[in-house]
Each structure stands twice: as structure tokens, then as C-alpha cells.
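Below: one structure, written as C-alpha cells.
In C-alpha cells:
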């Protein structure tokens, strides 16, 4: 049990954690942007935009992430980590799009009408009236999707990307006793758990806040 | 000829169709059995989390938090790589059944919990006044009413379960994703392999996604009173 927490092993795992967080943060930012664009397109009255967005969302929502991770290895030649981020982003954007659309649709039509009657343009209505209210409504779902993204980065090990799970499994290969292996599983789970539990706790306190307002 | 989607490669795919069919059948049977386990666990822990007992609540909370906040892949690796160290070697199908069932069960528990919480308290009190025990009231009065609220998110959980069953590919689980990956890494015909796999997963998931949307609309349109009187 002693031998797993050597400085070399800890550094090895922390590097993996660094990559996990790097991939997760970039994926979250990019898929938020793409997801919002898709949601606005899906709500738009222009038929072709609506159609494109619907097809995109249904395609990615109904196929496994792992398929996209494995496919992107071959489809684009931008390096393993980048193609992993691309697969995660394309997949996550479809889910975020649905969350954002739900948030936009939760705003009563009167809010739009009132804003238009005050001379706001379409973009201004979205930016100043609708989005601030919608973001508040969809925050809990968005945060729980961020937890999912952090968990989903572990799939990238299937494409040989050495994020936290991958590094853990490489390390496990050098262990022989059940103590060491179980210790490592506990350690890995604890790292993911700590990050995600903090995020989940924020979600719950947010839900509580929204429920009371 | 070297094009990733060349006709030759598609032909090879159709000649080896039975490999993909086997994968599809494994994916289907793992998903269905794991879903049943998830429903069972989710109902039990969902009811636990709405009970008055602090002990049951803590058990349910720990299950949900522990499972939802750690990656499925780590859990699967635990079954596959961890347990053999203490002499337990499970067949991959069983790992899929247990791993996916326990993982997705935590999500079902949350769905069941919010379904039960959406039923007005008076229903439970009325049942008690008629001499129902807690469990009788739960199964005859509360759960049938909560069904309409539980069903749409439950359908979404099923879609996620099917999609997540693809992680079995990483532990050579013999599922659809595994066969697609191993077939195409043998002959490098990954283009048709991945397209066909995507289409098959889509065919499994899309009807369920549609169903979830339909159920959501029904549950939104039906006024609460009508919903109660119908059951």
C-alpha cells in the first residue's frame, strides 16, 4: 500500500488529472458556444437552420460518445488530444443545445412581446431580456452536464489518451497485490468524486435558491 | 479503392454482417437486463430517499452520490480489473449487467424520488386514513400517480443506458461497438464499420427519444386532476 503513493506515481497521476481538467474545460466552453448556436437555430423561424440543427441534435443524442471518440481518431488528423476534444465537444453540444432550448422556451412569450413593444431589436431581446432569465432556469441542468463531461473524459482512454483514468490503468499494470490495486481504485474514484461532488453540491444549492425565488 | 468509404469495404461489411448482428444482440440483451436491474435499484433507493428514516435516506444518498460522481468506466474497470485480485472473475456479460445496472440505477433513483415528491402529501395521508400501510400506500396510491411524471425522464435514462453500454467495447464485451472496432482494426475498413454501427445505435435510441418527447407532452397537457382520476 505504501508503494503506490510514491512522488513519481503521484506526479504521474496529477499530470493525468491536469489533462482531464484541460480537456473538460475546453470541451465545456466550446460545447456551450456550439450548443447555444444550435439552440437558437432550432428555435429560429428560418426553416433550413431549424432543419440542420434538428438533424445535428438528433444524430448526436442518439449515438454513443465512444463511437465518435473512436471515429474522430481516423476522421481528422489533428492529434489525439484535439480529436478527443472535438468528439467530446460535438457530442456534448447536442445535449447542451437541448438544455438551452428548454431554458429559452421556459420564458413566457409576453416577455418577448413586452421587449419588442419597447423597441428592442431581436438580438437585444435575446441578450438583455431572455438570456439572463433563461440562464438562471437552465443553470442546474447545465452544471450537471458539466459533471457528465468530466466523467466522460475517461472514455478518451479508449483512444489512448492518457488522462486520469488512462494514467491510473497504466499505473495499475505495474502493481501486483490486491491492496495496491484497490488503493488505486479508491484514489482514482476519490479524485473524480471530489471534483464532481463539489460541482453537484453547487447544483443543489442553486436548485434550492431557484425554488425559493 | 483506398477511399475510406469505397464500395469494396461496404461489400466486406455486408459479407461479415453476422458479426455485427451478434454485437447488436449482445448490446440489446445487456441493455434490457441492465435496465431491469436499474429499475429495481432505482425504485428501491428512490423510495428510500423519500422515507422518513434518516438511515434509509443516508444509504440512498450515498449510493446516488458515489455512483453519479465517479465515471462509469472506472466502475466497469473495477469489476473487470479490480475484482480478479480478490479471486472474483466475472464474465463480461455479467459485468455489463451489474456495472450498467448499478450506474444507471442511481439516475433512476433520482427520477423516482422527484416523481414521488411531486405527489401531494394529502394522498399519503388519505391512504393512511384508509388503513393502508406505508408500502401498500406507496405501491397502490403514490407510484401509480407518479408514473406519468417518472416515465419521460426514465425513457431518457434508457437511451443513456444503451449509449453507455458501448463502454463494454473497452473490456472486450462483445457488444456492437466492440465488434465494429475489432472488425475494422483487422481490415482497416473503419469507415463503413463506424457508419453502420452509428446507424444501428441510432435505430435503437431514436424511437425512445421520440417516445420520451411524446410522454413529456402528454404529461404536460394532462391536467393534474384528470391524471389522478385516470389511474
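Chains as they are written, first to last, in the working numbering: chain A, 416 to 628; chain B, 174 to 404.
By construction, the Cβ of each residue, glycine as well, lies at the ideal position given by its N, Cα and C atoms.
{"Query": "Neighbour-count burial assignment, residue 543 of chain A, 16 or more Cβ in a 10 Å radius", "Result": "exposed"}
{"Query": "DSSP state of residue 618 of chain A mapped onto helix, strand, coil", "Result": "helix"}
{"Query": "Per-residue DSSP class, three states only, for residue 191 of chain B", "Result": "helix"}
{"Query": "Range of the contiguous alpha helix (DSSP H) that encloses residue 330 of chain B", "Result": "316-337"}
{"Query": "Residue environment, residue 365 of chain B, which counts as buried when at least 16 other CB atoms sit within 10 Å", "Result": "buried"}
{"Query": "Closest by C-alpha distance to residue 377 of chain B, when choosing among B:200, B:274, B:186", "Result": "B:200"}
{"Query": "Assigned secondary structure, residue 533 of chain A (DSSP; H/G/I helix, E/B strand, else coil)", "Result": "coil"}
{"Query": "Test item: CB-CB of residue 244 of chain B and residue 580 of chain A under 9 Å", "Result": "yes"}
{"Query": "Neighbourhood of residue 209 of chain B by C-beta distance below 8 Å, restricted to the same chain and skipping five residues each side", "Result": "274"}
{"Query": "Top-ranked residue by Cα proximity to residue 488 of chain A, from B:357, B:382, B:388", "Result": "B:357"}
{"Query": "Alpha helix (DSSP H) segment containing residue 365 of chain B, residue limits", "Result": "363-394"}
{"Query": "Distance CB(residue 367 of chain B)-CB(residue 185 of chain B) smaller than 9 Å", "Result": "no"}
{"Query": "Near-chain A residues of the region 293-317 of chain B (beta-carbon distance less than 7 Å), N- to C-terminal order", "Result": "none"}
{"Query": "Top-ranked residue by Cα proximity to residue 554 of chain A, from A:575, A:619, A:539", "Result": "A:619"}
{"Query": "Beta-carbon proximity of residue 479 of chain A to residue 350 of chain B, cut-off 9 Å", "Result": "yes"}
{"Query": "CB contact below 9 Å: residue 561 of chain A versus chain B", "Result": "no"}
{"Query": "Cβ contact check for the region 461-472 of chain A and the region 480-500 of chain A: 3 or more pairs under 8 Å", "Result": "no"}
{"Query": "Residue burial classification, residue 345 of chain B (beta-carbon count within 10 angstroms, cutoff 16)", "Result": "exposed"}
{"Query": "Chain A contacts made by the region 357-373 of chain B, where a contact means CB separation under 7 Å", "Result": "363, 367, 370, 371"}
{"Query": "Proximity test, residue 276 of chain B beta-carbon vs the ligand MG heavy atom, cut-off 8 Å", "Result": "In the structure on display, the ligand MG does not appear, and there are no ligands present to speak of."}
{"Query": "Distance, residue 433 of chain A Cα to residue 556 of chain A Cα", "Result": "25 Å"}
{"Query": "Whole-Å CB distance - residue 614 of chain A paired with residue 564 of chain A, under 8 Å assumed", "Result": "That belief does not hold up - the Cβ atoms of residue 614 of chain A and residue 564 of chain A are roughly 10 Å apart, past 8 Å."}
{"Query": "8 Å Cβ shell around residue 573 of chain A - same chain, five flanking residues per side excluded", "Result": "481, 484, 485"}
{"Query": "C-alpha gap between residue 398 of chain B and residue 552 of chain A, whole angstroms", "Result": "At residue 398 of chain B, the pLDDT of 49 sits below 50, so the modelled position is not reliable and the matter cannot be decided from this model."}
{"Query": "Cα-Cα separation between residue 246 of chain B and residue 297 of chain B, rounded to whole angstroms", "Result": "40 Å"}
{"Query": "Euclidean distance between Cα positions of residue 337 of chain B and residue 571 of chain A", "Result": "14 Å"}
{"Query": "Listed by chain order, chain B residues near residue 466 of chain A by CB distance under 7 Å", "Result": "Within 7 Å Cβ-Cβ: nothing; residue 466 of chain A doesn't reach chain B, min ~16 Å."}
{"Query": "Residue-chain proximity (residue 492 of chain A, chain B), Cβ-Cβ < 9 Å", "Result": "no"}
{"Query": "Any C-beta of chain A under 9 Å from that of residue 177 of chain B", "Result": "yes"}
{"Query": "Rounded C-alpha distance that separates residue 569 of chain A from residue 292 of chain B", "Result": "38 Å"}
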